[in-house]
Amino acid sequence: MAPAVTQQAAPPLTLFWKLVITLAAVVGMGTCAGLWALYDHFLAVHPGSVAVLQQPAAERDAVRLQRITPGEADIDKARFLATYDTTTFYATPGESPEDYCVVVKPTYDSRWYWESCGTMFDGRDQLAAATDQQGRYAILVPDQFDHKSWEAEGWVTVHPNLLIQPLASCHAPLRC
Numbered sequence: 001m002a003p004a005v006t007q008q009a010a011p012p013l014t015l016f017w018k019l020v021i022t023l024a025a026v027v028g029m030g031t032c033a034g035l036w037a038l039y040d041h042f043l044a045v046h047p048g049s050v051a052v053l054q055q056p057a058a059e060r061d062a063v064r065l066q067r068i069t070p071g072e073a074d075i076d077k078a079r080f081l082a083t084y085d086t087t088t089f090y091a092t093p094g095e096s097p098e099d100y101c102v103v104v105k106p107t108y109d110s111r112w113y114w115e116s117c118g119t120m121f122d123g124r125d126q127l128a129a130a131t132d133q134q135g136r137y138a139i140l141v142p143d144q145f146d147h148k149s150w151e152a153e154g155w156v157t158v159h160p161n162l163l164i165q166p167l168a169s170c171h172a173p174l175r176c
């Protein structure tokens, strides 16, 4: 009969190996967290909304003009955003459910207006940009938009969904 083979217990891990395993686990978790943050910031789509368009219509929401040519903006569903200097700004839905428009109307003239529409792909991006009669740029943004960096560059938030560049010194359509 062959002698029985007995296994010896493995020696306990030394402090060095315990530290190496712990460090590897921490580095692995940190790498996963960092990759998730990069994915979330650059690749993930964040849904956006323009809640002002869900509010019931009020007297000040009426654009009060007769449309001569068809456009993308649904003027009948316009919602007042703000009046800045001599210009009144409205938000409207566009032709498709993902489209949103900004309507720019001089307060002194009830016959003319400008509209600009854009599609919402991400709640962090601007939707549409337009200029008023003085050449100031205005951008329509979703509710989730981060205004801080734009305000640091001189833009003014006149409504949670509207930023205006008060000076006409910038000639770029969105950012200076």
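Quick note: the sequence shown uses the numbering used here, first residue 1, plus one each step.
Cβ atoms here follow ideal geometry from the backbone N, Cα and C, with glycine treated the same way.
query, result
"Kindly identify the DSSP beta-bridge partner or partners of C32.", "Looking at the DSSP assignment, C32 forms no beta bridge with any residue, so it has no partner."
"Please report the residue range of the beta strand (DSSP E) in which A10 lies.", "Per DSSP, A10 belongs to no beta strand (DSSP E) and is neither H nor E."
"Look at the alpha carbon of W155 and the alpha carbon of T86, and state the distance between them as a whole number of angstroms.", "17 Å"
"On a CA-only basis, which of G94, A37, P11 is nearest L127? Give me that one, please.", "G94"
"With respect to the beta strand (DSSP E) encompassing W114, which residues constitute its N-terminal and C-terminal limits?", "114-119"
"Which residue from Q133, I164, T131 puts its Cα closest to that of H147?", "I164"
"Would the beta-carbon of V63 fall within 7 Å of that of Y90?", "yes"
"Residue range of the alpha helix (DSSP H) that K77 falls in?", "Where K77 is concerned, there is no enclosing alpha helix (DSSP H), given that its DSSP letter is neither H nor E."
"Apply the 10 Å Cβ neighbour rule to T92 and answer buried if 16 or more other Cβ atoms are within range, or exposed otherwise.", "buried"
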